[in-house]
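Notes follow once the structure below has been shown.
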Amino acid sequence: MMKRCTKAILYKDNLKYNLEQIKKAAGENTKICVAVKADSYGHNAILTSKLAEEMGIEYLAVATVDEGIELRKNGIGANILILSLCTPEEYDELFEYRITPMIFSFEVIDLLKKAACNCGVKDFPVFLAIDSGMGRVGCYPEEAGEEAKKIVEGGFLKLEGMCTHFAVSDSLQENNVSYTQKQYESFCKAVENVEKAGISSGIKSCCNSAAFLNNKNMHFDMVRPGIITYGYYPDEITEDYLKSVNNNFNIKPVMAFETQVVAIKAFKKGQSVSYGRTWVCEKDTKIAILPVGYADGLLRRFSPGLEVTIRGKKYPVRGRICMDQCMVDIGIDNDEVCLWDKVLIFGPEESGAKTTAENLAKIGNTISYEVLTSISKRVERIIL
Ligand SMILES: *Cc1c(COP(=O)(O)O)cnc(C)c1O
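Right, here's the structure in full:
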């Protein structure tokens, strides 16, 4: 274990709690595919995957073949879906490690079939991706029947299911709500086209976290929660909103991002702090130095605005956040904050943090997803 004080603590009980909430909300007849891509949004994909597997969750979703291989090498046996596209160089690894791709387009289907043929693989499961309005991967609904035929032709691949992804399901604006409904209907059309072509559409899935919580009629056979697993609500689909529509869905942040005070220095009125001299002391004060910076994922755009918690009180970060350090104003008369004190940047209530990744996201004009996935490799994850 590294001894560095800047680290991310993972509250395993909270992760388990969130997965239990998800299971309850999905019900017995809906499969769950937990998005563990990007190392579980920075939360350790192996930890999440093992826990999910223990709880009977059947599917995991990664973004790259390498992420899938890492899970297999760590003994994960659950189905692994890969949500992004890969190149033909990686096809043999899909077969070797039993990783299920989401595919579309005749060209790719042909290449994958050829690779399967070369590797002596038969009936290899794939999902057909449908672009129902996300404007990203997937064939258009009217092409789904022909694509499905192409997939099963020759017996090298089998259609395990069909997926689509929503573009604005995390919004409550009327035009966005109706866009999601249109996407849903368009996906249903795609399913119909596949069935009409005489091919079983298999496991149908369209819900991310937001739609899972807010569009219960769209669950189909499988839901694909990501962000809620790690304790954050997707944009406007907040806990308060859900309560207002009688949906008591409660989750807890899993990660606490913490460091320690490594120096305390007196600053005189007029002295500046950090690069660019963007902050100048208006009066004499004391500045605590923290060994955490943007190379750890504490994005430069969090200052000004970011407040950290020391001994239960919030203190503002001053001046620019550097690559490896940042500075906090603790005030001239502060005799509470001591050298080596623990500093919480964000975390669940029980960590003592008074801010969450959601608060940081607001300051940085981004979303909790980006705050969490930005926590870099240099920051050791410690499972509590
Ligand atoms: C990332 C992703 C998800 C999970 O999204 P959340 O908003 O985190 O729930 C689901 N489906 C696809 C295709 C994704 O890329």
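In terms of the working numbering, the sequence shown opens at residue 10 and continues consecutively.
Idealized CB from N, CA, C, for every residue including glycine.
Given the structure is predicted, the values throughout are model-derived calculations rather than measurements.
*Contact test: Lys32 Cβ vs ligand 1 heavy atom, cutoff 7 Å*: Within the chosen limit of 7 Å, ligand 1 does not reach the beta carbon of Lys32 with any heavy atom.
*May I ask you to report which of helix, strand or coil DSSP gives Gly51?*
Note: Gly51 maps to helix in three-state DSSP.
*Which same chain residues, not among the five before or five after Asp445, have their C-beta less than 7 Å away from its C-beta?*
With the chain covering only 10 through 393, there is no way to say anything about residue 445.
*Starting from the Cα of Cys347, find the closest Cα among Lys40, Val71, Arg327 and Leu299 and give me that residue.*
Selection Lys40, Val71, Arg327 and Leu299 evaluated against Cys347 yields Leu299 as nearest (Cα-Cα).
_In whole angstroms, give me the CA-to-CA distance for Cys42 and Ile341._
The C-alpha of Ile341 is placed about 52 Å away from the C-alpha of Cys42.
*In whole angstroms, what separates the C-alpha of Pro357 from that of Pro262?*
Annotation: Pro357 to Pro262 spans about 5 Å, alpha carbon to alpha carbon.
*Name, in chain order, the residues that DSSP records as bridge partners for Val263.*
In DSSP, Val263 forms no bridge with anything.
*Got a sec? Which residues, its chain only, sit under 7 Å from Ser195 by beta carbon, not counting five neighbours each side?*
Ser141, Gly142 and Pro150.
*asked:* Under 8 Å: do the segment 217-225 and the segment 172-185 share three or more Cβ pairs, one atom per stretch?
replied: Look at the beta carbons and you see the segment 217-225 touching the segment 172-185: at least three pairs across the two are nearer than 8 Å.
*Check whether the Cβ of Ser218 lies closer than 7 Å to any heavy atom of ligand 1, and answer yes or no.*
At a cut-off of 7 Å, the beta-carbon of Ser218 counts as near ligand 1: some heavy atom of the ligand is closer than that.
*C-beta contact flag for Met336 and Ser283 at 8 Å*: Closer than 8 Å, so yes.
*Local conformation of Tyr68 per DSSP, three classes*: In the three-state reduction of the DSSP assignment, Tyr68 falls in the strand class, which pools E and B.
*Residues sharing a beta bridge with Val135, DSSP*: In the DSSP output, where bridge partners are listed per residue, Val135 has Leu168.
_For Asp119 and Glu155, what's the separation of their Cα atoms in angstroms?_
In this structure, the straight-line span from the alpha carbon of Asp119 to that of Glu155 is close to 13 Å.
_Alpha-carbon spacing of Arg320 relative to Gly361, whole angstroms_ = About 8 Å.
*Quickly, what does DSSP pair Lys295 with across the bridge? List them, please.*
Beta-bridge pairing links Lys295 to Ala275.
*asked:* Taking 7 Å as the limit between beta carbons, can you name the residues of its chain near Lys225, skipping five residues before and five after?
replied: Result list for Lys225: empty, nothing under 7 Å.
*asked:* Tell me whether Gly147, by its Cβ, gets closer than 7 Å to a heavy atom of ligand 1.
replied: No, the beta carbon of Gly147 sits no closer than 7 Å to any heavy atom of ligand 1.
*Is Leu393 closer than 8 Å to Leu19 when the C-beta atoms are compared?*
Yes. Within cutoff.
*Within the segment 98-154, note down every full alpha helix (DSSP H) run reaching 4 residues or more, in order along the chain.*
Listed in chain order, the complete alpha helix (DSSP H) runs (minimum 4 residues) inside the segment 98-154 are 100-105 and 115-127.
*Could you tell me if the beta carbon of Leu92 falls within a distance shorter than 7 Å of some heavy atom in ligand 1?*
Taking 7 Å as the cut-off, one finds at least one heavy atom of ligand 1 near enough to the beta carbon of Leu92.
*Pick helix, strand or coil for Cys216, following the three-state DSSP scheme.*
The DSSP-derived three-state label of Cys216 is strand.
*Starting from Trp349, follow its DSSP beta bridges and name the residues at the other end.*
Note: Trp349 sits in no beta bridge, so no partner.
_Range covered by the beta strand (DSSP E) that runs through Thr318_ = Residues Glu316 to Ile319.
*Can Thr287 and Gly314 be called in contact, C-beta distance under 8 Å?*
No.
*How far does the beta strand (DSSP E) with Arg390 in it reach, from first residue to last?*
First-last of the beta strand (DSSP E) with Arg390: Glu389 to Ile392.
*What distance in whole Å lies between the Cβ atoms of Lys277 and Ile296, which are believed to be in contact at a cut-off of 8 Å?*
Going by Cβ atoms, the distance from Ile296 to Lys277 rounds to 11 Å, so no, they are not a contact pair.
_Strand pairing of Ser58, partner residues [DSSP]_ = Partner(s): none; Ser58 has no beta bridge.
*Could you check where the alpha helix (DSSP H) with Arg327 kicks off and where it finishes?*
No alpha helix (DSSP H) contains Arg327, which is instead part of the beta strand (DSSP E) from Lys322 to Arg327.
*Could you check what DSSP says for Met11 in three-state terms: helix, strand or coil?*
In the displayed model, Met11 falls within coil according to three-state DSSP, outside both helix and strand.
*Is Lys46 near ligand 1, going by C-beta to nearest heavy atom under 7 Å?*
It does: the Cβ of Lys46 is within 7 Å (strictly closer) of some heavy atom of ligand 1.
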